[in-house]
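Student: Heads up: the sequence shown runs through residues 28 to 275, numbered per this note's numbering.
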Amino acid sequence: MKLQHNLGGLEGLDPINVEKQVFVEPWEKRIFGIHTAMMALSNHLDTSLPNYEIAKVPTQFKSFWTWGHLRKGAEAMHPFEYFRLRYYEKWLGGISGFFVEEGYFTQEELDTRTAEFLEDSTKAAAPLPKGGKAGIDTQVDKYLREGDSPMRPAPAPPKFKVGDRVKVKNVHPGAHSRLPGQLRDREAVVVLVYEGAFTYFFPTEDGIGTPMPVYSLLFQPQDIWTESLTEPNSVYYNDIFEVYLEAA
28 MKLQHNLGGL EGLDPINVEK QVFVEPWEKR IFGIHTAMMA LSNHLDTSLP NYEIAKVPTQ
88 FKSFWTWGHL RKGAEAMHPF EYFRLRYYEK WLGGISGFFV EEGYFTQEEL DTRTAEFLED
148 STKAAAPLPK GGKAGIDTQV DKYLREGDSP MRPAPAPPKF KVGDRVKVKN VHPGAHSRLP
208 GQLRDREAVV VLVYEGAFTY FFPTEDGIGT PMPVYSLLFQ PQDIWTESLT EPNSVYYNDI
268 FEVYLEAA
């Protein structure tokens, strides 16, 4: 399992970044905006909730992009690079790599532009051009207000109910996982079964992707960590996809 999938209780990760500003550098706002626009123009939105007529939007972006893709790009990095880079630097790397993979520009073009910005930093901070296509602006604004729900109709009743004791499976995470590594092989009690079913937009090697129930689980910290890492009279909650669970 990659280190960045298994941080719970890991010691020696200092110094911890306690930066309280949402954006520290001006370029971080731009990266956030690019990611938001990519989500708002993703080609899967014609089948999402709510439904968007994305085929009618006059955009040249024709790819599938969600929060999951952004996370997958970050977690595909070498663990040392993952911890070395700042938050939005990880975003920048994942988004840039995605555009290269999808053929919007080549690695050589990206390297050339990067070298230009490194030589003259004022170019990187230059204002964006004004104007644009109204249909794109309308779609991005609509997406910001209405979003894209992962909830779907439940294909089958939940396997577990409140009060059931379950065990988290020991699954191989692959390139990307939504299962915290410290919970593998641990037991917990179901305290909430969320209404409906939830998808993760695209399939992962460890089983999520199709709509399924999600459970809120209560763990005892001493069942996960050593006594020196736990607080007295505390409990630990985590929301887990059904595919990661089995009866204890």
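The beta-carbon is built from N, C-alpha and C at its ideal position, and this holds for glycine as well.
Every value quoted in this text rests on a predicted model; they were computed, and no experiment measured them.
Measuring alpha carbon to alpha carbon, tell me which of F110, M66, S148, G100 ends up nearest W54.
Tutor: Minimum Cα distance to W54 is reached at S148.
Student: Whole angstroms is fine: what's the gap from V127's alpha carbon to V220's?
Tutor: Cα to Cα, the separation comes out at about 40 Å.
Student: Are at least three pairs of beta-carbons, each pair with one atom in the region 177-187 and one in the region 248-264, less than 8 Å apart?
Tutor: Judged by Cβ distances under 8 Å, the region 177-187 makes no contact with the region 248-264, as fewer than three pairs qualify.
Student: Whole angstroms is fine: what's the gap from A215's alpha carbon to P184's?
Tutor: A215 and P184: Cα-Cα distance of roughly 20 Å.
Student: What do you get for P240, buried or exposed, if any count of 16 or more other CB atoms within 10 angstroms of its CB means buried?
Tutor: By the neighbour-count rule (16 or more Cβ atoms within 10 Å), P240 is buried.
Student: Please confirm if the region 160-170 is in contact with the region 196-216, defined as three or more CB-CB distances below 8 Å between the two stretches.
Tutor: Too few Cβ pairs lie closer than 8 Å, so no.
Student: Are L34 and H62 touching if we call contact CB-CB under 8 Å?
Tutor: Their beta carbons are not under 8 Å apart, which means L34 does not touch H62 by this criterion.
Student: What does the Cβ neighbour count give for V270, buried or exposed, with the cut at 16 atoms within 10 Å?
Tutor: Buried: at least 16 other Cβ atoms inside 10 Å.
Student: Round the Cβ separation of K194 and E273 to the nearest angstrom and send it over; I've been treating them as touching at under 8 Å.
Tutor: Contact flag correct, Cβ pair sits at about 5 Å.
Student: Report the CB separation of I251 from R213 in whole angstroms; it is logged as a contact under 8 Å.
Tutor: That belief holds up - the Cβ atoms of I251 and R213 are roughly 6 Å apart, short of 8 Å.
Student: Helix, strand or coil: which one does DSSP assign to F107?
Tutor: In the structure shown, F107 sits in a helix (DSSP, three-state: H, G or I).
Student: So is A79 buried or exposed if we call it buried at 16+ other beta carbons inside 10 Å?
Tutor: It is worth fixing the name first, because residue 79 is Tyr in this sequence and not Ala. The residue in question, Y79, is buried, as its Cβ has 16 or more Cβ neighbours within 10 Å.
Student: Report the residue ranges of all alpha helix (DSSP H) runs contained in full by the region 70-141; include only those spanning at least 4 residues, in chain order.
Tutor: With a minimum length of 4 residues, the continuous alpha helix (DSSP H) runs that stay inside the region 70-141 are 94-102, 106-111, 114-128.
Student: When DSSP builds the beta bridges, which residues end up paired with L219?
Tutor: DSSP output for L219 lists S243 as bridge partner(s).
Student: Output the distance between the C-alpha atoms of F50 and W118, rounded to the nearest integer angstrom.
Tutor: Those two C-alpha atoms are separated by around 13 Å.
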